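As numbered in mature numbering (1 follows the signal peptide of the UniProt record, and there is no 0), residues -19 to -1, 1 to 392 make up the sequence shown, in order.
Every residue gets a Cβ at the ideal spot worked out from N, C-alpha and C, and that includes glycine.
Note that the coordinates shown come from a computational prediction; the quantities given were computed from them, not determined experimentally.
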Amino acid sequence: MKQRILFFMCLLISVFTEAQVKQPLPDNWRLALERKDGKQVVFQLLRGNENGKMVLYVINAAERIKITDVKIAGDSMFFTMPAFESSFRVKLQGNGNMKGIYLKGTSGNTQYWPLSGYANIPDRFSPVYGEAKNNISGKWDVSITRANGSKRKAVAVFEQNGNKLTGSFLTPSADYRYLDGIVTGDSLFLSAFDGDNVHLFEAKISDANTISGGIFYNGYIAKETWTAQKNNSVALPEIDDPTRLREGASKLDFTFNNLQGVPVSINDEKYKNKVVVIQLMGSWCANCLDETKFLSGYYKRNRSKGVEIIALAYELTTDAARSQKSLAKFQKLFDVQYPMLITGVTAGDENKTEKTLPQLTPIRSFPTTIFIDKKGNVREVHTNFYGPASGEYYIASKNKFYETVDRLLNE
């Protein structure tokens, strides 16, 4: 690992100390991030202008992630994603292409991904095998095989128009957000990059009802295989042993600091005789980002009805300053007006529930949403949230939330 980090630091120095050449910037790039195994994950980056200042957009299907933190020094460009510990350091070549490094914060060492950017290539994938032989729009019953041979179930939802393919995979607890790609010949390619997720799906389409030989490249190292059968009535699998209130418990009891270092407690007068929603989340979590966007808008529209929201953050490390900085990006991005509290316990801590919310059985997934009635009793725990990339499942997630809060408000 030390040798790999040293290599990347030397590469960074070489990238940013070569002769600077001024040139017009391309309108778009196809960016390719290189995993540890050498596999490249591609996505689109567009250049725009906002109030006379350059902005960039990461494109994933219907999603456009605006990047405003962009700095240029000669032929070097530095840009940082609006959420997550995710940034880029690149050098612009004479032909407008890019070479550089993608940096991603983790619970351990920072990851350094080599990247290449190819100028003025608007398509994410090229139709190397010609026109699509089948249309795979619809729902698919997916079986994913882990590296250790164990299996897990998922549902894939695809929409295909000619060669163009978009969609998402849904697990019992979350979705893989906006996947964007292509069907060419009998092959499919889908990818996503959002600053948290770096996904690439490949597979063969045996016929209109069968997908085989799939590989799922997840992040810097992980790789799984997958197959799927067309099934428009497939149901999502249930989460194993979902989080719930422990027997004999009825109320939560916690006090944590907000982003300004001020203690906030569920027992504060502000939350008396109110319906309170507790969001268990992390600033490293893309599905938490989707839920935070939803909750922030909901709170602004409905706080006058007697509903409050508190976010409890389980971060990558116990470094309070690092956690505060990362959570502040979430808060700014969505103008979050409810308190975001730093638990000081990591998402990877096996004893995180006992250390923070001992009244619950183990926290299994992020986000998890807890609903508290006007008497302070925990009434429901929702252990999943499906975001806007999931279509009808997103609508169902929102409706389930609305119905739960409205019922508690009307009691």
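Taking the alpha carbon of residue i as the point to measure from, which residue in the options has its own alpha carbon closest?
i	options	result
residue 328	263, 286, 343, 312	263
residue 26	53, 282, 98, 213	98
residue 165	187, 158, 384	187
residue 391	121, 255, 222, 377	255
residue 56	80, 64, 65	80
residue 132	206, 304, 24	206
residue 177	83, 32, 124	83
residue 37	63, 22, 23, 141	63
residue 210	200, 226, 189, 229	189
residue 347	364, 356, 333	364
residue 40	147, 277, 248, 92	147
residue 124	317, 250, 108, 153	153
Classify residue i: buried if its beta carbon has 16 or more other beta carbons within 10 angstroms, exposed otherwise.
i	result
residue 310	buried
residue 253	exposed
residue 302	exposed
residue 137	buried
residue 323	buried
residue 224	buried
residue 130	exposed
residue -6	With a pLDDT of 46 at residue -6, under the threshold of 50, the predicted position of this residue should be treated as unreliable, though the coordinate-derived value follows. It is exposed - the Cβ of residue -6 has fewer than 16 other Cβ atoms within 10 Å.
residue 195	buried
residue 70	buried
residue 120	buried
residue 373	exposed
residue 406	Nothing can be reported for residue 406, as the shown portion of the chain is limited to -19 through 392.
residue 337	buried
residue 117	buried
residue 236	exposed
Return the bridge partner residues of residue i from the DSSP annotation.
i	result
residue 95	82
residue 122	136, 210
residue 70	59, 82
residue 398	Beyond the ends of the chain as shown, which are -19 and 392, falls residue 398; an answer cannot be given.
residue 282	DSSP, once it has assigned bridges, lists no residue as partnering residue 282.
residue 88	Beta-bridge pairing links residue 88 to no other residue.
residue 38	27, 47
Please look up how many angstroms separate the CB atoms of residue i and residue j, rounded, as I've assumed it's under 8 Å.
i	j	result
residue 297	residue 86	7 Å
residue 20	residue 202	Their Cβ separation, rounded to whole angstroms, is 10 Å, which puts residue 20 and residue 202 out of contact at 8 Å.
residue 370	residue 149	5 Å
residue 151	residue 135	6 Å
residue 220	residue 345	6 Å
residue 59	residue 48	Not really, about 11 Å apart at Cβ, beyond 8 Å.
Is any beta-carbon of chain B found at less than 8 Å from that of residue i?
i	result
residue 179	Here there is only one protein chain, and chain B is not present.
(message) Three Cβ pairs or more, each shorter than 8 Å: is that satisfied between the stretch 347 to 360 and the stretch 381 to 390?
(response) yes
(message) Three Cβ pairs or more, each shorter than 8 Å: is that satisfied between the stretch 237 to 253 and the stretch 278 to 293?
(response) yes
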